[in-house]
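Just so we're aligned, residue 1427 is where the sequence shown starts under the numbering used here, counting upward by one.
Working notes for the structure below.
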Amino acid sequence: MTVSFNVANHVATVTIDRPEVLNAVDMATEAELLRIWDEIERRDDVRVVVLTATGERAFSAGADLKNTSNLKGVEYWAAARPGGFGGIALRETLDVPVIARVNGLALGGGLEMVLGCDLVVACEEASFGLPEPLVGRLPLDGGMVLLQRQIGFRHAMGMMLTGQRVNARRALEIGLINEVVPRAELDTAVERWVQQMLACAPLSLKAIKQVVRRTGMLSPSEAHGQRLPALMAALRSEDADEGVLAFQQKRKPQWLGR
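If you want it as structure tokens, here you go:
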């Protein structure tokens, strides 16, 4: 398998396993990622997702140019690509929070997958870029439309119009990632973020993500008035009562996810 997937203690770990090609994504790998995202959406026991890759060189170098679709140019752009690169870059239906554990290069589609995640923790050796124009291509599967929305305009255009990489420290400075740590501390840092999210009511996290993701282009008043499904489910949940009761009783809440 080119992608491993396991769930333990409400945490799903999705690992791209093609280190021999810098974890580049070919058609079979992307199909497997799509299957996994669909399964996570169907499951009630997953509260946090960690997306990562094997090895120490790369999170993902993007599309595997030696083993990918024969579609080119307009044909590729026009073809259906559910969820953008890796099935995650532009995915709108996955309300569970996703952390990118970036263990190395995140280039092209690799960066697009990072942009599709909610939190990003990277090792010091990581670097990020959209090098597509350097090879006559375009960051079609999320890069052009997401980067400009997640970091400042000048920073985004500087990256996209040169195809150059930024290192992890610079990525942190411009708001592309949440944290950068030495490689030896990467798993500890990711686990800390995971535990902080697991301490929150899972339906609250789903509601927050759904509202943020689906109302970002609305005015604040329009966004506030949206009665989105995850929002209503959280407000009506047993966990909403449990949270208040636990606070009153000075104990940790026992989240049921309903």
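A virtual CB, placed ideally from N, CA and C, is assigned to each residue, including glycine.
Got a sec? Which residues, its chain only, sit under 8 Å from residue i by beta carbon, not counting five neighbours each side?
i, result
"residue 1514", "1459, 1463, 1477, 1520, 1524, 1539, 1542 and 1543"
"residue 1595", "1550 and 1606"
Taking the alpha-carbon positions, what's the residue i to residue j distance?
i, j, result
"residue 1606", "residue 1531", "14 Å"
"residue 1604", "residue 1454", "30 Å"
"residue 1529", "residue 1475", "16 Å"
"residue 1490", "residue 1482", "18 Å"
"residue 1565", "residue 1656", "31 Å"
Note down, in chain order, each residue of its chain lying with its Cβ closer than 7 Å to the Cβ of residue i, except the 5 sequence neighbours on either side.
i, result
"residue 1432", "1439"
"residue 1654", "1636, 1637 and 1640"
"residue 1583", "none"
"residue 1508", "1460"
"residue 1672", "1678 and 1679"
"residue 1430", "1441 and 1443"
Can you tell me which of the options puts its alpha carbon nearest to the alpha carbon of residue i?
i, options, result
"residue 1593", "1553, 1449 and 1528", "1553"
"residue 1659", "1644, 1627 and 1677", "1627"
"residue 1479", "1457, 1489 and 1442", "1442"
"residue 1578", "1613, 1597, 1656 and 1448", "1597"
"residue 1621", "1664, 1473, 1535 and 1644", "1473"
"residue 1643", "1575, 1585 and 1446", "1575"
Where does residue i land, buried or exposed, given buried means 16+ other C-beta within 10 angstroms?
i, result
"residue 1555", "buried"
"residue 1558", "buried"
"residue 1650", "exposed"
"residue 1465", "exposed"
"residue 1488", "buried"
"residue 1435", "exposed"
"residue 1427", "exposed"
"residue 1601", "exposed"
"residue 1467", "exposed"
"residue 1684", "exposed"
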